[in-house]
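One structure below.
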Amino acid sequence: MKLFLQNYKEKIYITGGSSLKGMVKVSGAKNAALPLMALSLILNKGLTLLNMPDLADTRLMSKLLIQLGININWTYGKAEFDGHPQVNEASYDLVRQMRASILVLGPLLASLGSARVPLPGGCAIGARPIDLHLFVMESLGANIKYDSGFIIASVGSEGLKGGVIDFPKISVGATESAIMTAVLAKGVTKILNAAHEPEIIDLAKCLTSAGANIKGAGTSTIIINGVKKLNPVCHDIVPDRIEAGSFAIASAITKGNIEINNIRPNDLEFFLQTLKYTGSKVIINKNSVIVSSSKRPIAYNITTEAHPGFPTDLQAQYMALMSIADGNCYVKETIFENRFMHVPELLRIGANITIDKQTATIKGVKNLHASKVMASDLRASMSLILGALVASGTSEIDGIHHLDRGYEKIEDKLSNLGAIINRSK
Ligand code: UD1
Numbered sequence: 071m072k073l074f075l076q077n078y079k080e081k082i083y084i085t086g087g088s089s090l091k092g093m094v095k096v097s098g099a100k101n102a103a104l105p106l107m108a109l110s111l112i113l114n115k116g117l118t119l120l121n122m123p124d125l126a127d128t129r130l131m132s133k134l135l136i137q138l139g140i141n142i143n144w145t146y147g148k149a150e151f152d153g154h155p156q157v158n159e160a161s162y163d164l165v166r167q168m169r170a171s172i173l174v175l176g177p178l179l180a181s182l183g184s185a186r187v188p189l190p191g192g193c194a195i196g197a198r199p200i201d202l203h204l205f206v207m208e209s210l211g212a213n214i215k216y217d218s219g220f221i222i223a224s225v226g227s228e229g230l231k232g233g234v235i236d237f238p239k240i241s242v243g244a245t246e247s248a249i250m251t252a253v254l255a256k257g258v259t260k261i262l263n264a265a266h267e268p269e270i271i272d273l274a275k276c277l278t279s280a281g282a283n284i285k286g287a288g289t290s291t292i293i294i295n296g297v298k299k300l301n302p303v304c305h306d307i308v309p310d311r312i313e314a315g316s317f318a319i320a321s322a323i324t325k326g327n328i329e330i331n332n333i334r335p336n337d338l339e340f341f342l343q344t345l346k347y348t349g350s351k352v353i354i355n356k357n358s359v360i361v362s363s364s365k366r367p368i369a370y371n372i373t374t375e376a377h378p379g380f381p382t383d384l385q386a387q388y389m390a391l392m393s394i395a396d397g398n399c400y401v402k403e404t405i406f407e408n409r410f411m412h413v414p415e416l417l418r419i420g421a422n423i424t425i426d427k428q429t430a431t432i433k434g435v436k437n438l439h440a441s442k443v444m445a446s447d448l449r450a451s452m453s454l455i456l457g458a459l460v461a462s463g464t465s466e467i468d469g470i471h472h473l474d475r476g477y478e479k480i481e482d483k484l485s486n487l488g489a490i491i492n493r494s495k
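Just so we're aligned: the sequence shown equals residues 71 to 495 in the numbering used here.
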């Protein structure tokens, strides 16, 4: 596997106006892959992940695991992990680049009895504290201290002990931390107010195949009976529902007709229903959906919610669609306090959007026009691509390293559907 160096100078150029048509295969989910990869720190006898997406974030997580002592053999969509963590300190240079690095804290603690993990970085969408992850560790008997930007977690000679983790707020990552840390803790752990996301169910499925005892993943209450050891496991990563939703919007916004394959439509139920309300035709099959449209979308209000509500990770892309809608609507963001950074850039290509606190009001316009724009985070970058696909002229999108964190082979996939898209090297 070739490890990457992010190229901050690359730009994407899109000439708008093509109607996207054809079939596209969705990759494995980034948000499922990252916690699954962190499991290699406790699955010492072996973990194989199939449908593994090749992304900047999964490469970064690989680097971090290798730095911690895990061996990785990753070719195409298959990654094999083995070995035991050799050090308890995660590299600052790696962790600062990706917020999801915090997911190694619990498994390191479970494996070695102590961990030193720097405070993480990642997408600039709000303050994004990690207090709930630390709450998990403390609820399972760990001591937490801070030293020069590092979290230092340790457990006594008795190791981690099961306990009640009653989350004051729903968090996807902290629920994953709780599951990964509790599976090898002594006794029973009860997780209350757990997140329901499909990626959490996928994590629990993989761990259960490895011999863990987890009940209730996908509901608000998860009960874990700690086991002494886990067995080797091979797991197929769940498809990326956010990538699938982004292609669905690409079809709707370009008056296209795209068959989106290798997905689980149930994971996108709320979103697909919303797309129907905006006037798109949506045909749902077992492992695919066909989204098509022949007219301007109809304006329709949304509020982002924890799963199974409208996903915050599709909010920016949906806003691009609503920019050209017939009518006015609002988009309310309830998960992150600073997730409208794509708005000033959408304005550059002609959208009419105003923001009041957590609510954006969008007055639909008939046409967008090409411009130079800057991606500020992962999903914002996709919203700019979607806007550029219908804007007249050629747009230049900067900040593309954000896009590479979460969309595998995106230019190839879009150009196969008929988009005029190029990347400058
Ligand atoms: C995950 C996803 C991200 C998605 C988000 C919400 C991954 C790798 N990323 O992020 O794509 O947008 O879920 O669906 O899976 N919070 C705290 N304290 C904490 C942790 C979170 O206050 O310790 C807050 C956050 O600031 C945010 C809210 O809880 O306001 C939800 O965040 P969370 O569900 O934890 O998101 P992530 O797991 O970081």
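Glycine included, C-beta positions come from ideal geometry on N, C-alpha and C.
As the structure is a computational prediction, the values presented were derived from the model and not from experiment.
Let me know the beta strand (DSSP E) ranges lying completely inside the segment 304-374, each 3 residues or longer, listed in chain order.
List check, beta strand (DSSP E) in window: 327-331, 351-354 and 358-362.
Pull the bridge partners of Ile271 from the DSSP assignment, please.
Its beta-bridge partners do not exist; DSSP assigns none.
Ser88 versus Asn283: straight-line alpha-carbon distance, rounded:
Going by the C-alpha atoms only, they are around 50 angstroms apart.
Residue range of the beta strand (DSSP E) that includes Lys442
For Lys442, the uninterrupted beta strand (DSSP E) segment begins and ends at Lys442 to Met444.
Quick check on the DSSP output: the alpha helix (DSSP H) that includes Ile480 runs from which residue to which?
Ile480 to Asn486 is the extent of the alpha helix (DSSP H) around Ile480.
Option nearest Arg366 by Cα separation, candidates Met392, Thr382 and Val359:
Comparing Cα positions, the closest option is Met392.
C-beta atoms of Thr128 and Leu113 nearer than 8 angstroms:
No.
Distance cut-off 7 angstroms: His472 Cβ against heavy atoms of ligand 1
Not one heavy atom of ligand 1 falls within 7 angstroms of the beta-carbon of His472.
Roughly how many angstroms lie between the CA atoms of Asp236 and Arg493, to the nearest whole one?
Distance between the alpha carbons of Asp236 and Arg493: 46 angstroms.
Endpoints, the beta strand (DSSP E) within which Glu415 is located:
If you look at Glu415, you'll find it isn't in any beta strand (DSSP E); it sits in the alpha helix (DSSP H) that goes Val413 to Arg418.
Output the boundary residues of the beta strand (DSSP E) element that contains Ala187.
Rather than Ala, the amino acid found at residue 187 in this sequence is Val. Start and end: Ser184 to Pro188.
Report the residue from Gly229, Lys239, Ile490 and Val253 whose alpha carbon sits nearest the alpha carbon of Asn263.
A check of alpha carbon separations from Asn263 across Gly229, Lys239, Ile490 and Val253 identifies Lys239 as the nearest.
Got a sec, what are the start and stop residues for the alpha helix (DSSP H) Thr259 sits in?
Premise fails: Thr259 lies in the beta strand (DSSP E), Val258 to Leu262, not in any alpha helix (DSSP H).
Leaving aside the five residues before and after Ala458 along the sequence, list all residues of the same chain whose C-beta is less than 6 angstroms from its C-beta, in chain order.
Only Ile84, Gly86 and Ser465 meet the Cβ criterion.
Could you give the distance in angstroms between the alpha-carbon of Lys134 and the alpha-carbon of Ser110?
Before going on, a small fix: residue 134 reads as Leu here, not Lys. Those two C-alpha atoms are separated by around 11 angstroms.
With DSSP collapsed to three states, give me the class of Tyr146.
In this structure, Tyr146 counts as coil in the three-state DSSP scheme.
Short check: CB of Val94 to CB of Phe317, under 8 angstroms?
Yes; because the gap between Cβ atoms is below 8 angstroms, this pair is in contact.
Any idea what DSSP makes of Ile195, helix, strand or coil?
Note on Ile195: pLDDT 49, under 50, position unreliable in the model; the coordinate value appears next. Secondary structure of Ile195 (DSSP, three-state): coil.
Check Val234 in the structure and name its three-state DSSP category.
Reduced to three states, the DSSP call for Val234 is strand.
Neighbourhood of Lys351 by C-beta distance below 6 angstroms, restricted to the same chain and skipping five residues each side
Here the set comprises Ser362.
Within its chain, find whatever has a CB closer than 6 angstroms to the CB of Thr118; leave out the 5 residues flanking it on each side and keep chain order.
Its chain contains Glu150 and Cys304 as the residues whose beta carbon lies nearer than 6 angstroms to that of Thr118, once the 5 sequence neighbours on both sides are disregarded; these appear in chain order.
Ile455 by DSSP, collapsed to three states: which one?
Helix, per DSSP.
Do you know offhand how far Ile195's Cα is from Leu448's?
Unreliable positioning characterises Ile195 in this predicted model, as indicated by a pLDDT of 49, which lies under 50. A coordinate reading is not provided.
For Met93, which three-state DSSP category applies?
Here Met93 sits in strand by DSSP.
Work out the CA separation of Lys115 and Gly281 for me, nearest whole Å.
Rounded to the nearest angstrom, the two C-alpha atoms are 12 angstroms apart.
In whole angstroms, what is the alpha-carbon distance linking Asp306 and Gly397?
When rounded, the distance between both Cα atoms is 42 angstroms.
Kindly identify the DSSP beta-bridge partner or partners of Val165.
Val165 pairs with nothing; no bridge assigned.
Going by C-alpha distance, which of Val253, Ser247 and Phe220 is nearest Gly229?
The candidate whose alpha carbon is nearest that of Gly229 is Val253.
From this set, Pro199, Tyr216 and Gly211, which residue's C-alpha is nearest Val187's C-alpha?
Nearest to Val187 by C-alpha distance, out of Pro199, Tyr216 and Gly211, is Tyr216.
Backbone CA spacing between Asn121 and Ser227 [nearest angstrom]
Those two C-alpha atoms are separated by around 39 angstroms.
Using only the alpha-carbon positions, how far apart do Glu159 and Ser184 sit?
Between Glu159 and Ser184, the C-alpha separation is close to 9 angstroms.
Would you check whether ligand 1 has a heavy atom nearer than 7 angstroms to the C-beta of Glu415?
Glu415: no, Cβ never under 7 angstroms from ligand 1.
Option nearest Pro414 by Cα separation, candidates Ile292, Tyr400 and Ala445:
The candidate whose alpha carbon is nearest that of Pro414 is Ala445.
Helix, strand or coil, according to DSSP, for Leu438 in the structure here?
Of the three classes helix, strand and coil, the one that applies to Leu438 here is coil, per DSSP.
Ser241 Cβ short of 7 angstroms to ligand 1 heavy atom set
Between ligand 1 and Ser241, a heavy atom-to-CB distance of less than 7 angstroms is present.
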